[in-house]
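With numbering that gives the first Met the number 0, letter number 84 in the sequence shown gets 83, and the count goes up by one each step, no holes.
What follows is a single structure, written as structure tokens, with notes after it.
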Amino acid sequence: MTNTKNNPSLLNIQFGIFFRRSLNRPDLLTREISDNYSEYFDGVPINLPIPADIVDFPVAQLSSNDGKWKLNISRIRADIIYTPDEGKIYEEVKVEEGKIIEMMKKIAIKAREESDIKISRIANISTFIYTVENPNDFLRDKFFQDKTASYSELSIRFNQAIKSDKIQCNNITNYQITKLKKEDKKNTEEVLLIQRDFNTDIKKDEFSDEEIEQFWIISKDNSHILTFNQVNHK
């Protein structure tokens with residue numbers, strides 16, 4: 000995988016909504032998406048005979064044949080995951096991100112119409128791969144005062160709470176070091192796996208369509224910001 004300094008590549012974007020109570024027919028929501036977005040979800044729909052008391056396992060699933068799009072709906076949440084071409088940066092997937100929000104709003108509307116089920120929480124998760132010469136030294140220089148100390152197996156996680164127009168959110172960043180195959184597919188290299196988890200902090204009785212849109216704007220402005228240019232890494 001190729002990458003340039005201060006330019007992390009996007010691994011995937013996941014947008015999720017949580018239902019206030021359990022769904023009886025998750026397949027009705029996937030049908031709504033497959034009927035309206037068949038150009039994105041052209042794979043064969045999957046409906047699993049999961050018992051009603053298992054609420055967090057995906058019951059209805061859609062995907063695209065190219066592997067870029069996936070929709071999972073359990074009885075208590077719906078998640079759309081978009082995986083771009085390798086090496087893409089966040090700013091290059093704005094059109095697809097906008098489509099995700101369209102789909103999520105349509106799912107929320109369908110849940111209300113069919114079962115009077117409302118949305119209680121929202122999440123937007125962006126995962127990145129960042130290539131640096133020495134990931135441990137990079138995290139040391141970014142987060143520790145002693146720039147000469149030797150560290151190994153570093154993992155950093157923190158939350159920056161954000162409140163905007165009555166929507167209180169978590170903005171969680173997680174840095175991990177992982178091994179990735181090089182372009183020759185034979186050798187591996189250590190890279191940073193970075194996840195930005197932006198989610199509503201407190202359950203609400205209902206998130207309106209306007210609030211879902213507002214959350215997307217807030218998370219778009221915050222959850223993907225990676226200020227590596229502020230790091231004096233050598």
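Note that beta-carbon positions come from the ideal geometry of N, C-alpha and C, so glycine has one too.
Keep in mind it's a predicted model, so treat the numbers as computed, not measured.
Between Lys-185 and Arg-120, the gap from beta carbon to beta carbon reaches 8 Å or more. Contact between Ile-75 and Asn-11 does not hold, since the beta-carbon distance rounds to 22 Å and is not under 8 Å.
Non-local beta-carbon contacts of Ile-88 in its own chain, meaning distances under 8 Å to residues more than five positions away in sequence, involve Asn-6, Pro-7, Ser-8, Leu-9 in chain order. Secondary structure at Leu-28: helix, using DSSP grouped into helix, strand and coil. When only Cα atoms are considered, Thr-29 and Pro-50 end up about 18 Å apart. Of the candidates Asn-158, Glu-101, Ala-110, Glu-112, the residue whose Cα lies closest to the Cα of Asn-35 is Glu-101. Listed in chain order, the non-local C-beta contacts of Ile-118 below 6 Å within the same chain comprise Ile-16, Ala-107, Phe-206, local neighbours out to five positions each way being set aside.
Put simply, the stretch 141-160 does not touch the stretch 44-62. Fewer than three CB pairs are less than 8 Å apart.
Secondary structure within the stretch 120-202: the beta strand (DSSP E) runs of 3 or more consecutive residues, fully enclosed, are 155-158, 161-163, 166-180, 187-199 (chain order). Separation of Asp-78 and Arg-24 (C-alpha to C-alpha, rounded to the nearest whole angstrom) is 16 Å.
In this structure, the CA atom of Glu-96 is about 37 Å from the CA atom of Gln-144.
Taking each of Ser-218, Ser-154, Asn-158 in turn and checking the Cα distance to Leu-192, the smallest one comes out for Ser-154.
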